[in-house]
Amino acid sequence: MKVLKRFFAALRRDWKSHLGTLLMVLVIFAGAQAWMTRHVPSGLAPDLSLMLIQPDGSRVETTLTAWRTAHPRQPVALHVWADWCPICRTEEHSVTRLSRDHPVLTVAMQSGPADKVQKVLVQRQLPWATAVDPRSEIARALGVSSVPAFMVVDAHGRLRTPTAGYTSELGMRLRLLWARWF
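Sequential numbering of the sequence shown, starting at 0, is according to numbering that gives the first Met the number 0.
Here you go:
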């Protein structure tokens, strides 16, 4: 207990000296995110053809624009994942909770054909609308080259706030709020 008290006392005393370190970490993080999302197109989201596996297991051919217009006047989340990705697996519960409050379309990148993706969705109890992307064609059109990736399509159809790597549930929710308000 004394060790913790001394640690926090030193932290309170020397907090100004840690601001530079914190600023450097934030700049590095922002630079890494900008580099990893550099291929995400700016402006309107591409109108992609999608083969969706619905939460009830049914399959539907549609486009990203048609799916988005089913959720008018609100931003929608796009989450690109892969069944073999351990970080994606860590995010699954966050995406599931997010999908209870907001429209979420997931893209199963390089996870095999529709039957295999559907099996993964059932096994892991993932109630998501999922586009099957075995050859990364959808991901490439979205500018995504690694998983997981998260972005928002705002009410006007523009791609906003892309991230690559782990995104917390709070981060996902804040990105959706940002797209709604700004």
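Where a beta carbon is used, it is the ideal one built from N, C-alpha and C, also for glycine.
- When burial is assigned at 16 or more other CB atoms within 10 Å of the CB, is Thr160 buried or exposed? buried
- Query: Is it the case that the Cβ atoms of Pro147 and His92 are separated by a distance below 8 Å?
  - Reply: no
- Query: Sorted by chain position, which residues of the same chain lie with C-beta nearer than 7 Å to Ser145's C-beta, five sequence neighbours on each side aside?
  - Reply: Met35, Ala163
- Within the segment 49 to 117, ranges of the beta strand (DSSP E) (whole runs, at least 3 residues): 58 to 62, 75 to 80, 103 to 108
- Three-state secondary structure (DSSP) of Phe6: helix
- Message: Excluding the 5 residues flanking Ala138 on each side, which residues of the same chain have their C-beta closer than 7 Å to its C-beta?
- Response: Val79, Val106, Met108, Asp132
- Item | Sequence-distant residues of its chain with Cβ nearer than 8 Å to Asp153 (five each side left out) | Pro74, Arg159, Ala178, Arg179
- Have a look at Phe181 and Arg172 and give me their C-alpha separation to the nearest angstrom. 14 Å
- Message: Please tell me whether Leu21 has its Cβ less than 8 Å away from any Cβ of chain C.
- Response: Among the chains of the structure shown, chain C does not appear; only one protein chain is present.
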